[in-house]
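Enquirer: Here's a structure for you.
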Amino acid sequence: MLAVDLMGETIRALNGSMVAYDGQMNFKRQGMTGGEGLRGALRRRVAGESMTLMEITGQGTVYLASEATEVTLIPLQGDTLFVESESLLAFDGQLRTGVQFTGLRGMGTGQGLATTKVEGHGMVAILSDGPAIGLEVTPGVPLCVDPHAYVAHRGQLQQDFVTDVNWRTVLGQGSGESVQFRYQGHGLVYVQPAERGGGIMEI
Amino acid sequence: MSTPTFNPATLPSNDNVNPYAFCVDLNGQWFTQKGKMIAYYGQIRFEALSAGPLDALVAAHFHSPLYAHDWIVAQGQGKLLLADRGFDVNSYDLDDGNLTVRAGNLLAFEPGLELKQSIIPGFLTLIGTGRFIAASNGPVHFVEPPIRVDPQALLGWADCPSPCHHYDHSYMRGALGVARSVFGIGGTSGEEHQFDFTGQGTVLMQSSETVADTNTMLRDLEGQIGMLGVGGLQRLQGVIQQRLAAERQ
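For the protein sequence lines, the chains are X and G, in the order given.
Using our numbering, you'd call the opening residue of the first sequence number 31 and step up by one each time.
Using our numbering, you'd call the opening residue of the second sequence number -3 and step up by one each time.
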């Protein structure tokens, strides 16, 4: 659960994630465009990264939660965080959001072809199944991640697939870890200690 | 609250990263269950047990064809992070000992250990010296026999004889009880059947009745069908049809 103290500022949060508040709060459902303009909304619709947010303004404390999952706070200082829209709980009002097309990356894991990016200065709250672990990536030290355990990443990272699909995989005798994301460059990747189900790459 | 961040140098070596994730300092080979790897640094390859070059290793350390499909070998050098559905994860050291653990809860083990199938369906026995990693839903409790435990809460046992089944007498008594025991139907409270441990040793229990994998029981039963003859199979077919008819009503 996340407690946010507000002194007249605005935050944006997942629709329906408010569980309690005290003080004076105003909840406003964001329109279709979600603050990204008509073009942004169109991109989001095309990308299947649907995300319904609400704006919260007021004085007091608001408590946010979603399905008893863990909440991780990530401070952004002008950099960009890439996160699945389903893992986003709330963020400061002045942060900008958008959709980033990631190519084939999400195909196998049922997460679509795109991911949500959040940029600017402020706090982002993300959701994970179990406490998130941050893993650093530096040049020359690549990191491989199971797509089902991936939550978010930030920094200057190149992402690519590692596959060792061979004839055994086709026969159903694969290693079960045939597809991984590999991150290279400089940044931070967040993983969760659990694996999401779904997607076609259960091999 | 800030998220702990790690790099290959600061990740713990063969220790827990947090209660739900474990970091193996891989230098050689480890057996791991499929799909439990969440991330890794370094040069690590994952091979199915059927891969040719692994024949000698599998022949020496993996004596459970029933579960061979669920297991792979991670080999190479680097830091390997393992986790299982947000369950608590712990490592255990065996020193020339034996320990039996629920098949679905065993995440990984060192090749110093030998894996065998337990006589109790759904459990695997590790023999030898080395380290293994197991998951539990909630913290693990170590208790000493004599004790009776709920089958769902049982995680495993070490250095003591295999358990036997224990049924509450009062539950089996009377006309309804007979019907239950013969046809296996009627209401069950789930508490009339326990595993009974006697002798010296340690029993491992988890603080929940959530079983990691219900599939393993089925697989075990399937594995035992091979021991039946034609007559036995026909009888089993009859019993299954009877049960299915009862379920449909």
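Glycine included, each C-beta is placed from N, C-alpha and C at the ideal position.
#1: Following the continuous alpha helix (DSSP H) through GLN230 (chain G), name the residue where it begins and the one where it ends.
#2: Give the C-beta separation of LEU78 (chain G) and LYS32 (chain G) to the nearest angstrom, bearing in mind that I take them to be a contact with Cβ-Cβ under 8 Å.
#3: At 8 Å on the CB atoms, spell out the chain X contacts of MET255 (chain G), in chain order.
#4: I want to see whether chain G comes within less than 8 Å of LEU218 (chain X), judged by CB atoms only; does it?
#5: Using the beta-carbon count (16 or more within 10 Å), is PHE138 (chain G) buried or exposed?
#6: Should ILE230 (chain X) be labelled buried (16 or more other beta-carbon atoms within 10 Å of its own) or exposed?
#7: Are the C-beta of VAL221 (chain X) and some C-beta of chain G separated by less than 8 Å?
#8: Ignoring anything shorter than 3 residues or poking outside the stretch 48 to 110 of chain G, list the beta strand (DSSP E) runs there in chain order.
#9: Using beta carbons (cut-off 8 Å, strictly below), is ARG81 (chain G) in contact with chain X?
#10: Please decide whether THR102 (chain X) counts as near chain G, where near means a Cβ-Cβ distance under 8 Å.
#11: Could you tell me the distance, in whole angstroms, from the CA atom of ALA95 (chain X) to the CA atom of MET84 (chain X)?
#12: Which residues, in order along the stretch 5 to 38 of chain G, keep a beta-carbon less than 7 Å from a beta-carbon of chain X?
#13: Is THR206 (chain G) close to chain X, meaning its C-beta is less than 8 Å from at least one C-beta of that chain?
#14: What is the DSSP secondary structure of ARG144 (chain G), reduced to helix, strand or coil?
#15: Just to confirm the assignment, what range does the beta strand (DSSP E) spanning GLN196 (chain G) have?
#16: Looking only at its own chain, which residues have a Cβ that is under 8 Å from the Cβ of THR146 (chain X), when we skip the five neighbours before and after it?
#17: Please list, in chain order, the chain X residues whose beta carbon lies closer than 8 Å to that of PHE2 (chain G).
#18: Could you pull out every residue in the same chain whose Cβ sits closer than 8 Å to the Cβ of ALA17 (chain G), ignoring the five residues on either side in sequence?
#19: Count the CB pairs spanning the stretch 212 to 229 of chain X and the stretch 170 to 181 of chain X that are closer than 8 Å, and state whether there are at least three.
#20: Residues of chain G with a CB under 9 Å from the CB of ALA224 (chain X): which are they?
#21: Starting from GLN222 (chain X), trace the beta strand (DSSP E) in both directions and tell me its first and last residue.
#22: Whether or not the stretch 54 to 69 of chain G and the stretch 107 to 121 of chain G are in contact is what I'm after, with contact meaning three or more pairs of Cβ atoms, one per stretch, closer than 8 Å; do they touch?
#23: Can you check DSSP and say which residues form a bridge with GLU149 (chain X)?
#24: Under a three-way DSSP split, which group does LEU7 (chain G) fall into?
#25: With a Cβ-Cβ cutoff of 8 Å, do LEU150 (chain G) and PHE191 (chain G) count as a contact?
#26: Got a sec: is the Cβ-Cβ distance from ALA33 (chain X) to anything in chain G below 8 Å?
#27: Show which residues of chain G have a CB atom less than 8 Å away from the CB atom of GLN171 (chain X).
#28: Along the chain, where does the beta strand (DSSP E) containing GLU85 (chain X) start, and where does it finish?
#29: Please list, in chain order, the chain G residues whose beta carbon lies closer than 9 Å to that of ALA179 (chain X).
#30: Can you pull the chain G neighbours of ASP159 (chain X), defined as C-beta to C-beta under 7 Å?
#31: Starting from ASN133 (chain G) and walking both ways along the beta strand (DSSP E), at which residues does that stretch end?
#32: Apart from the five residues on each side of it in sequence, which residues of its chain come closer than 7 Å, Cβ to Cβ, to GLU225 (chain X)?
#33: In angstroms with no decimal places, state the Cα-to-Cα distance between GLN220 (chain G) and ALA154 (chain G).
#34: Using a C-beta cutoff of 8 Å, does VAL175 (chain X) count as contacting chain G?
Expert: This is what the structure holds:
#1: Membership of GLN230 (chain G) in the alpha helix (DSSP H) is indicated by the continuous run 226 to 244.
#2: LEU78 (chain G) to LYS32 (chain G), Cβ: 5 Å. Contact.
#3: As displayed, chain G neither begins before -3 nor continues past 245, which places residue 255 (chain G) out of reach and without an answer.
#4: Cβ-Cβ to chain G under 8 Å: yes for LEU218 (chain X).
#5: PHE138 (chain G) is exposed by the Cβ-count criterion.
#6: Residue placement at ILE230 (chain X) is poorly supported in this model, since its pLDDT is 40, which falls under 50; the coordinates are not used for a value here.
#7: Put simply, the CB of VAL221 (chain X) is near chain G, with a gap under 8 Å to one of its CB atoms.
#8: The beta strand (DSSP E) runs lying completely inside the stretch 48 to 110 of chain G and spanning 3 residues or more are 67 to 79, 84 to 98, 102 to 105, given in chain order.
#9: Interface residue, yes.
#10: Interface residue (Cβ-Cβ distance to chain G less than 8 Å): THR102 (chain X) is classified as such.
#11: Roughly 14 Å between the two C-alpha positions.
#12: Residues passing the 7 Å Cβ filter: VAL13, ASN14, TYR16, ALA17, LYS30, GLY31, MET33, ILE34, ALA35, TYR36, TYR37.
#13: No - not a single Cβ of chain X is within 8 Å of the one on THR206 (chain G).
#14: ARG144 (chain G) falls in the strand class under three-state DSSP.
#15: Where GLN196 (chain G) is concerned, there is no enclosing beta strand (DSSP E), given that its DSSP letter is neither H nor E.
#16: Taken in chain order, the residues that qualify are GLU79, MET81, PHE112, VAL113, GLU114, SER115, LEU118, THR127, GLY128, VAL129, GLN130.
#17: What PHE2 (chain G) touches in chain X: ILE163, GLY164, LEU165, GLU166.
#18: Counting only Cβ-Cβ distances below 8 Å, and skipping sequence neighbours, we find ILE34, LEU77, LEU78, ALA79, VAL85.
#19: These segments touch.
#20: Correct list: TYR16, ILE34, ALA79, ASP80, ARG81, GLY82, PHE83.
#21: Per DSSP, GLN222 (chain X) belongs to no beta strand (DSSP E) and is neither H nor E.
#22: The stretch 107 to 121 of chain G, when compared against the stretch 54 to 69 of chain G, does touch it at the 8 Å Cβ threshold.
#23: Looking at the DSSP assignment, GLU149 (chain X) forms a beta bridge with X:THR110, X:ARG126.
#24: It is coil, neither helix nor strand.
#25: Yes, the Cβ-Cβ distance between LEU150 (chain G) and PHE191 (chain G) is below 8 Å.
#26: Chain G, which has no Cβ nearer than 8 Å to the Cβ of ALA33 (chain X), makes this no.
#27: It should be noted that the sequence gives Val, not Gln, for residue 171 (chain X). The answer, in chain order, is ASN3, PRO4, TYR37.
#28: 83 to 94 is the span of the beta strand (DSSP E), which, as asked, contains GLU85 (chain X).
#29: Those within 9 Å of ALA179 (chain X) in chain G are MET33, ILE34, ALA35, LEU77, ALA79.
#30: Listed by position along chain G, the residues whose Cβ is nearer than 7 Å to that of ASP159 (chain X) are GLY82.
#31: First-last for ASN133 (chain G): undefined, no H or E at that position.
#32: So the qualifying residues of the chain are ASP176, HIS178, ALA179.
#33: Take the alpha-carbon of GLN220 (chain G) and the one of ALA154 (chain G): they are about 25 Å apart.
#34: Output row for VAL175 (chain X): interface = yes.
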